[in-house]
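Sequences listed follow chains A and B, in order. All residue numbers for the first sequence refer to this note's numbering, where the first residue is 1 and numbers rise by one. All residue numbers for the second sequence refer to this note's numbering, where the first residue is 193 and numbers rise by one. Below: one structure, written as structure tokens.
Number of protein chains: 2
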Amino acid sequence: MTLPPLCEAFVLHFGEMGSRWGINRTVGQIYAVLFVAERPLCADDIVERLGISRSNVSMGIKELQSWNLLRQRSIPGDRREFFHTPEDIYAIVRTLVEERKKREIDPTLSVLRELLMRSPESDSERHAQARIREMHELIELLTSWYADVQKLETERLIQLLSLGSKIVKVLDMKDRFFALPGGKRQPANTEG
Amino acid sequence: MTLPPLCEAFVLHFGEMGSRWGINRTVGQIYAVLFVAERPLCADDIVERLGISRSNVSMGIKELQSWNLLRQRSIPGDRREFFHTPEDIYAIVRTLVEERKKREIDPTLSVLRELLMRSPESDSERHAQARIREMHELIELLTSWYADVQKLETERLIQLLSLGSKIVKVLDMKDRFFALPGGKRQPANTEG
DNA sequence: CCTGTTTTTCAGAAAAGTCTGAAAATTCAG
DNA sequence: CTGAATTTTCAGACTTTTCTGAAAAACAGG
Numbered sequence: 001m002t003l004p005p006l007c008e009a010f011v012l013h014f015g016e017m018g019s020r021w022g023i024n025r026t027v028g029q030i031y032a033v034l035f036v037a038e039r040p041l042c043a044d045d046i047v048e049r050l051g052i053s054r055s056n057v058s059m060g061i062k063e064l065q066s067w068n069l070l071r072q073r074s075i076p077g078d079r080r081e082f083f084h085t086p087e088d089i090y091a092i093v094r095t096l097v098e099e100r101k102k103r104e105i106d107p108t109l110s111v112l113r114e115l116l117m118r119s120p121e122s123d124s125e126r127h128a129q130a131r132i133r134e135m136h137e138l139i140e141l142l143t144s145w146y147a148d149v150q151k152l153e154t155e156r157l158i159q160l161l162s163l164g165s166k167i168v169k170v171l172d173m174k175d176r177f178f179a180l181p182g183g184k185r186q187p188a189n190t191e192g
Numbered sequence: 193m194t195l196p197p198l199c200e201a202f203v204l205h206f207g208e209m210g211s212r213w214g215i216n217r218t219v220g221q222i223y224a225v226l227f228v229a230e231r232p233l234c235a236d237d238i239v240e241r242l243g244i245s246r247s248n249v250s251m252g253i254k255e256l257q258s259w260n261l262l263r264q265r266s267i268p269g270d271r272r273e274f275f276h277t278p279e280d281i282y283a284i285v286r287t288l289v290e291e292r293k294k295r296e297i298d299p300t301l302s303v304l305r306e307l308l309m310r311s312p313e314s315d316s317e318r319h320a321q322a323r324i325r326e327m328h329e330l331i332e333l334l335t336s337w338y339a340d341v342q343k344l345e346t347e348r349l350i351q352l353l354s355l356g357s358k359i360v361k362v363l364d365m366k367d368r369f370f371a372l373p374g375g376k377r378q379p380a381n382t383e384g
């Protein structure tokens, strides 16, 4: 690896983390190198920095592209492709969440839905279905929240996140404002 | 595998998904079996249902326990341990998030912080640090939001999630109510 | 068309991860 | 203690994933 110590440490950690997620070490490292690079890099730049084979870099780039995580740029008069990560880190996270959802959550939801359509043939299947239903409902709740929040502009999102659970106070305020008779709070209704 | 078809399909999918996360297939399957089971199961129940070796089950259980994902119960006069997953699926998700945070986010934050403390020795390190700083700030924002929201009771959380981005309207309402001079919105301040 | 440059593909080597059976350890009733 | 029941450990077999070098393919300027 021919990287300044600081970059090297970052890249190594990222590789390590990558391998805890479905992503393999090298792919994580390639991304990390591009993330901290001052300028777009071509495949051979990455080969040099990480000390891995050219073909491995080629496959890693393809993998990252399939995750929509890379931008590329060509320099006139140079036949090589140069790769870089988006500047805006919020955009990066959005893409990441989007892709994980597409690959993990969506297929799961569709399996769960299919299982919920079947007629249970025994008590044990009936019980399993009830359990699966709970899981399905929770995932639906989370994804619809996400789908909704994801539309916000970054600035709004930051505002919301910064507020954290203080948002509940604002909600309370609203409830008090449109006070329900008897001072009772609006219950959250999830069950039938 | 000796499971009713519905359970089998669920277990297989879960195993598949598990292997996309850092978790191995068998561990995912063991969890799935326990999740849909009508009663707590002992290790040999799992051996029978999944058709894997006893030792594999033993290791899988240990792994799940290290994730805090299992409860166990002993039946008087029976020497075996019986395992089950918590009833409350919200509690399960909380644990899951908690553990992933502990294993992935926290170590990353501490690495990033360490890297930000170093004095850059070159332009390229300076640039890398700036990039790392952006990432660090975003992760901090997300984790502090999480730390905050995580304290809410489930009912409140559901309320909040159900509201989705409509929350922004409530915020706008609040802003209008405590209107700032000139009708300008409160800016989200993240930079220096 | 060539030709030199760059990228992609792919078979098999290497490495990492998973699973098993056998043996060791633990537990507990008598 | 003893010994039956149960759980844990672990070396090595097996499987899967990753990585490489060599070859093929794609490309662009002449």
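In this text, a Cβ means the ideal position worked out from N, Cα and C, and glycines have one as well. Remember, it's a predicted structure, so these values are computed and weren't measured experimentally.
Quick one: what does DSSP say residue i is sitting in, helix, strand or coil?
i: Cys42 (chain A); result: strand
i: Phe370 (chain B); result: coil
i: Ala200 (chain B); result: Checking the sequence shown, residue 200 (chain B) turns out to be Glu, not Ala. DSSP places Glu200 (chain B) in helix when its eight states are reduced to three.
i: Gln342 (chain B); result: coil
i: Arg118 (chain A); result: coil
i: Leu96 (chain A); result: helix
i: Glu137 (chain A); result: helix
i: Asp315 (chain B); result: helix
i: Thr194 (chain B); result: coil
i: Gly22 (chain A); result: coil
i: Trp259 (chain B); result: coil
i: Asp364 (chain B); result: helix
i: Ala37 (chain A); result: coil
i: Asp88 (chain A); result: coil
Please classify residue i as buried or exposed, where buried requires at least 16 other C-beta atoms within 10 Å of its C-beta.
i: Ala147 (chain A); result: exposed
i: Phe370 (chain B); result: exposed
i: Glu125 (chain A); result: buried
i: Thr218 (chain B); result: buried
i: Thr2 (chain A); result: exposed
i: Gln257 (chain B); result: exposed
i: Gln72 (chain A); result: exposed
i: Gly15 (chain A); result: buried
i: Ala91 (chain A); result: exposed
i: Met209 (chain B); result: buried
i: Met327 (chain B); result: buried
i: Ile253 (chain B); result: buried
i: Ile75 (chain A); result: exposed
i: Arg310 (chain B); result: exposed
i: Val203 (chain B); result: buried
i: Leu242 (chain B); result: buried
i: Leu198 (chain B); result: buried
i: Leu288 (chain B); result: exposed
Which residues does DSSP pair with residue i in a beta bridge?
i: Ser53 (chain A); result: Paired residue(s): none; Ser53 (chain A) is not in a bridge.
i: Phe274 (chain B); result: B:Arg265
For my contact list, residue i and residue j are in at a C-beta cut-off of 8 Å; report their separation, rounded to the angstrom.
i: Val170 (chain A); j: Arg323 (chain B); result: No, Val170 (chain A) and Arg323 (chain B) are not in contact; Cβ-Cβ is about 34 Å, not under 8 Å.
i: Phe82 (chain A); j: Leu70 (chain A); result: Contact flag wrong, Cβ pair sits at about 10 Å.
i: Val33 (chain A); j: Ala43 (chain A); result: With 8 Å as the limit, Val33 (chain A) and Ala43 (chain A) do not qualify as a contact, their Cβ atoms being about 11 Å apart.
i: Arg94 (chain A); j: Gln150 (chain A); result: 7 Å
i: His13 (chain A); j: Thr300 (chain B); result: 7 Å
i: Gly28 (chain A); j: Trp337 (chain B); result: So it is not a contact: roughly 25 Å between Cβ atoms.
i: Leu333 (chain B); j: Ile158 (chain A); result: 7 Å
i: Ile89 (chain A); j: Ile359 (chain B); result: About 23 Å separates the two Cβ atoms, so there is no contact after all.
i: Trp213 (chain B); j: Trp21 (chain A); result: 7 Å
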